[in-house]
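Keeping their order, the protein sequence lines are chains A and B.
Going by our numbering, the first sequence opens with residue 9, and the numbers climb by one from there.
Going by our numbering, the second sequence opens with residue 9, and the numbers climb by one from there.
No residue lacks a Cβ here, since even glycine has one placed at the ideal position from N, Cα and C.
Number of protein chains: 2
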Amino acid sequence: MESLNIQFDEQGLVPAIVQDVRTGEVLMLAYMNETSLNKTIETKRTWFYSRSREELWQKGATSGNEQHVKQLYYDCDQDALLVKVEQTGPACHTGEKSCFYREVDLGEESTVDPQIVERVFESIQDRRDH
Amino acid sequence: MESLNIQFDEQGLVPAIVQDVRTGEVLMLAYMNETSLNKTIETKRTWFYSRSREELWQKGATSGNEQHVKQLYYDCDQDALLVKVEQTGPACHTGEKSCFYREVDLGEESTVDPQIVERVFESIQDRRDH
Numbered sequence: 009m010e011s012l013n014i015q016f017d018e019q020g021l022v023p024a025i026v027q028d029v030r031t032g033e034v035l036m037l038a039y040m041n042e043t044s045l046n047k048t049i050e051t052k053r054t055w056f057y058s059r060s061r062e063e064l065w066q067k068g069a070t071s072g073n074e075q076h077v078k079q080l081y082y083d084c085d086q087d088a089l090l091v092k093v094e095q096t097g098p099a100c101h102t103g104e105k106s107c108f109y110r111e112v113d114l115g116e117e118s119t120v121d122p123q124i125v126e127r128v129f130e131s132i133q134d135r136r137d138h
Numbered sequence: 009m010e011s012l013n014i015q016f017d018e019q020g021l022v023p024a025i026v027q028d029v030r031t032g033e034v035l036m037l038a039y040m041n042e043t044s045l046n047k048t049i050e051t052k053r054t055w056f057y058s059r060s061r062e063e064l065w066q067k068g069a070t071s072g073n074e075q076h077v078k079q080l081y082y083d084c085d086q087d088a089l090l091v092k093v094e095q096t097g098p099a100c101h102t103g104e105k106s107c108f109y110r111e112v113d114l115g116e117e118s119t120v121d122p123q124i125v126e127r128v129f130e131s132i133q134d135r136r137d138h
């Protein structure tokens with residue numbers, strides 16, 4: 009841990025993204041302080057710091073939906089973590105697999121690829137030529 | 009946007025995880041305020057708020073490495089965002105594809121599955137029985 013120089017914020021916290029190591033699905037975002045980060049590395053289970061309850065908690069300690077840590081990354085600024093886990097059961101307390109189960113409607117444009125005409129043209133051209 | 013009730017923190021920010029919509033790779037974590045979130049939705053490009061520079065910035069405005077927003081999710085507590093994008097070029101200012109390019113050594117245990125013996129046993133048993 010000595011070589012790890014994570015930049016904790018003024019509250020002593022760092023955001024940790026939790027991702028399913030098998031599917032790549034982003035499961036949740038929670039915060040770690042230095043103690044919970046150390047416990048995560050030692051136990052290979054995710055430990056976080058609850059800002060509302062002001063206490064450490066181990067994910068799944070009560071629900072049984074533990075996260076087994078397989079890989080742990082930190083970002084270029086050393087102020088964010090990415091934890092790749094094997095998730096037991098749903099990650100979200102609502103019972104949803106991921107906490108990110110609600111999508112913002114971005115309107116029609118997001119579903120229609122503006123380059124679709126170009127792509128169809130290229131595809132036709134490609135078939136003609138080959 | 010009226011129906012979106014994102015919980016911005018005391019600094020008016022919300023963390024936004026950016027994920028490659030095609031590969032599932034987590035590219036970066038940055039912060040949005042309400043204005044940058046609105047601009048992200050309107051323009052379908054990612055806009056963030058720089059805490060150090062205290063200004064809005066559009067990802068790729070100078071580097072050209074834009075992020076085209078395809079899907080936008082918010083979490084159960086409405087205090088974190090997940091943005092699925094098509095990334096042009098590398099996402100990280102270091103030139104790395106993802107900002108999470110450095111891994112913490114979790115020791116031997118992380119690479120050796122403690123249930124490997126059990127799995128081999130089950131595999132042998134399965135082959136015998138079928």
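1. Anyone know if the C-beta pair for residue 106 of chain B and residue 40 of chain B falls short of 8 Å?
2. Please determine, among A/109, A/138, A/64, the residue with the shortest C-alpha to C-alpha distance to residue 42 of chain A.
3. Which whole-angstrom value is the C-beta distance of residue 75 of chain B and residue 26 of chain B, which I expect to be below 8 Å?
4. Who does residue 47 of chain A pair with in a DSSP beta bridge?
5. Which residues of the region 45–70 of chain A have a Cβ closer than 8 Å to any Cβ of chain B? Give them in chain order.
6. Does the structure place the region 99–113 of chain A close enough to the region 80–91 of chain B that three or more beta carbon pairs sit under 8 Å?
7. Return helix, strand or coil for residue 83 of chain B, following the three-state DSSP convention.
8. Who are the near neighbours of residue 33 of chain B in its chain, counting only those whose CB is closer than 8 Å to its CB and skipping five residues on each side?
9. Using beta-carbon positions only, say whether residue 114 of chain A and residue 49 of chain B come within less than 8 Å of one another.
10. Does the distance from the CB of residue 93 of chain A to the CB of residue 54 of chain A come in under 8 Å?
11. Alpha carbon to alpha carbon, what distance is there between residue 112 of chain B and residue 10 of chain A?
12. Against residue 32 of chain B, what residues of chain A qualify as contacts under a CB-to-CB distance less than 7 Å, listed in chain order?
13. According to DSSP, is residue 19 of chain B part of a helix, a strand, or is it coil?
14. Quick one, which of B/95, B/100, B/127, B/66 has its alpha-carbon nearest residue 29 of chain B's?
15. If we ignore side chains and look at the alpha-carbon of each, how far apart do residue 99 of chain A and residue 138 of chain B end up?
16. Roughly how many angstroms separate the alpha carbons of residue 125 of chain A and residue 47 of chain B, rounded to a whole number?
17. Could you run through the region 90–108 of chain B and flag, in chain order, every residue whose CB is less than 8 Å away from some CB of chain A?
18. With 8 Å set as the bound, which would you pick, yes or no: does the beta-carbon of residue 110 of chain A sit closer than that to a beta-carbon of chain B?
19. With respect to the beta strand (DSSP E) encompassing residue 92 of chain A, which residues constitute its N-terminal and C-terminal limits?
20. Give me the residue from A/52, A/57, A/17 with the minimum Cα distance to residue 44 of chain A.
In short, the structure shows the following:
1. In the second sequence, the residue the question calls residue 106 of chain B occupies position 98. In the second sequence, the residue the question calls residue 40 of chain B occupies position 32. No, the Cβ-Cβ distance between residue 106 of chain B and residue 40 of chain B is not below 8 Å.
2. If you number the first sequence from 1, residue 42 of chain A lands on position 34. Among A/109, A/138, A/64, the Cα nearest to that of residue 42 of chain A belongs to A/64.
3. Within the second sequence, residue 75 of chain B is the residue found at index 67, counting from 1. Within the second sequence, residue 26 of chain B is the residue found at index 18, counting from 1. Contact holds; Cβ gap of about 6 Å.
4. Stepping through the first sequence from its first residue, residue 47 of chain A is reached at position 39. None, per the DSSP bridge assignment.
5. Listed by position, the residues of the region 45–70 of chain A near chain B (Cβ gap below 8 Å) are 49, 52.
6. Between the region 80–91 of chain B and the region 99–113 of chain A, the count of Cβ pairs shorter than 8 Å is three or higher; the stretches touch.
7. Taking the second sequence and counting its residues from 1, the one referred to as residue 83 of chain B is at position 75. Coil, per DSSP.
8. Your numbering for residue 33 of chain B matches position 25 in the second sequence. Excluding its 5 nearest sequence neighbours in each direction, residue 33 of chain B has C-beta neighbours in its own chain below 8 Å: 27, 105, 106, listed in chain order.
9. Along the first sequence, one-based indexing puts residue 114 of chain A at 106. Along the second sequence, one-based indexing puts residue 49 of chain B at 41. It is a contact, given that the beta carbons lie within the stated cut-off.
10. Start at 1 with the first residue of the first sequence, and residue 93 of chain A comes out as number 85. Start at 1 with the first residue of the first sequence, and residue 54 of chain A comes out as number 46. Residue 54 of chain A sits close to residue 93 of chain A, with the two beta carbons spaced by under 8 Å.
11. The residue labelled residue 10 of chain A in the question sits at position 2 within the first sequence. The residue labelled residue 112 of chain B in the question sits at position 104 within the second sequence. For residue 10 of chain A, the pLDDT reaches just 46, beneath the cut-off of 50, and the residue's location in the model is therefore unreliable, leaving the point undetermined.
12. Mapped onto the second sequence, residue 32 of chain B falls at position 24. In chain order: 32.
13. As a working mapping, residue 19 of chain B is identified with position 11 in the second sequence. Correct three-state label for residue 19 of chain B: coil.
14. Counting from 1 along the second sequence, the entry for residue 29 of chain B is found at position 21. Among B/95, B/100, B/127, B/66, the Cα nearest to that of residue 29 of chain B belongs to B/95.
15. For the purposes of this step, residue 99 of chain A is taken as the residue at position 91 of the first sequence. For the purposes of this step, residue 138 of chain B is taken as the residue at position 130 of the second sequence. Rounded to whole angstroms, residue 99 of chain A to residue 138 of chain B spans 35 Å at the Cα level.
16. Position 117 of the first sequence, counting from 1, holds the residue named residue 125 of chain A. Position 39 of the second sequence, counting from 1, holds the residue named residue 47 of chain B. Distance between the alpha carbons of residue 125 of chain A and residue 47 of chain B: 27 Å.
17. Taking 8 Å as the Cβ-Cβ cut-off against chain A, the residues of the region 90–108 of chain B that qualify are 90, 100, 101, 102, 104, 107, 108.
18. As a first step, residue 110 of chain A is located in the first sequence; it is residue number 102 there, counting from the start. Interface flag for residue 110 of chain A against chain B is set, since a Cβ pair is found closer than 8 Å.
19. Within the first sequence, residue 92 of chain A is the residue found at index 84, counting from 1. Its beta strand (DSSP E) spans residues 89–95.
20. Stepping through the first sequence from its first residue, residue 44 of chain A is reached at position 36. For residue 44 of chain A, the closest of A/52, A/57, A/17 by C-alpha to C-alpha distance is A/57.
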